[in-house]
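K.L.:
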Amino acid sequence: MFYSIYTFLVEEAFFYVFSFFCIAIIFRLAYFTLHSLQNDPIVLKFFNLKYALRSLINWTIPFKARNMRLNPITFFVSYLFHICIILVPIFYSGHIFILEEYIDLPFEPPMLPDILSDVLTFLALVSGIFLLLRRIIYPPARYVSSSKDFGLLLLVLIPFLTGFLAVRGIGGDFLLFLHVLSAELLLLILPFTRIMHMFLGLFSRSYTGSEFGAIRHAKDW
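When we follow my numbering, the leftmost residue of the sequence shown carries the number 213, and every step to the right adds one.
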């Protein structure tokens, strides 16, 4: 019974969930772009690829921006958290092996060594808990946080916690089931939550970089 449900989640359900995820992301990006052009056409007028890329690159470099240096601990933990939650799901060997069972990939996908995946997963959990506690303890962060924000952060952490334990044989089939189910649930709701900042942030940062570089002739970091 369990394996039939697990197989459904890994095969059919994942295909539909991932397809929905991609379509929803494309739709949200298209809607955001069209809405911005209709209501704020000056965005396109002042867009400058050179300064947009300059801003994106400089904001990607650790501690390059002034705000990063003003809050070094929070920035470092947040930076680490984002790197871990992106690298592990995409490049974990177990995920790639499952994918190769159902898809004949025309190339050899890069994989993280298992020990590195374990370390990054652990760091994702530790940094995620730090950010969660910061929202609870630090008044300015708590003021702008809602129950949805706390719930969303917990939902992000659940696949990492369950996966970390399941790999070690802890929790048996239940944790494995919860791992897959929570990950697919996260993919379903991600396009409609604040996690979309991972995509929309590229647009806002590009515009800010264009404005500061081409119009104000100043740095935005």
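Glycine residues also receive a C-beta, built at the ideal position from the N, C-alpha and C atoms.
(1) Taking contact to mean 3 or more Cβ pairs, one atom from each stretch, closer than 8 Å, check whether the region 236-246 and the region 408-424 are in contact.
(2) Among the residues of its own chain, which have a CB less than 7 Å from the CB of Y291, if the five just before and after it don't count?
(3) Ignore the nearest five residues each way along the sequence and tell me which others in V289's own chain have a CB closer than 7 Å to its CB.
(4) Spell out the partners DSSP gives L345 in its beta bridges.
(5) Could you spell out where the alpha helix (DSSP H) holding M408 opens and where it closes?
(6) State yes or no: is the C-beta of S416 within less than 8 Å of the C-beta of A264?
(7) Do E223 and Y314 have their beta-carbon atoms positioned less than 8 Å apart in this structure?
(8) Going residue by residue through the region 237-305, where are the continuous alpha helix (DSSP H) segments of at least 4 residues, counting only ones entirely within it?
(9) Classify C296 as buried or exposed, calling it buried when 16 or more other Cβ atoms lie within 10 Å of its own Cβ.
(10) Determine the direct distance from the alpha carbon of F424 to that of I370, and round the result to whole angstroms.
(11) Could you tell me if V392 is buried or exposed, where buried requires 16 or more neighbouring beta carbons within 10 angstroms of its beta carbon?
(12) Helix, strand or coil: which one does DSSP assign to L221?
P.N.:
To lay it out plainly:
(1) yes
(2) P274
(3) S339, F342 and L343
(4) None; L345 has no bridge partner.
(5) Element bounds for M408: n/a, residue is neither H nor E.
(6) no
(7) yes
(8) 254-257, 261-272, 278-282 and 284-303
(9) buried
(10) 39 Å
(11) buried
(12) helix
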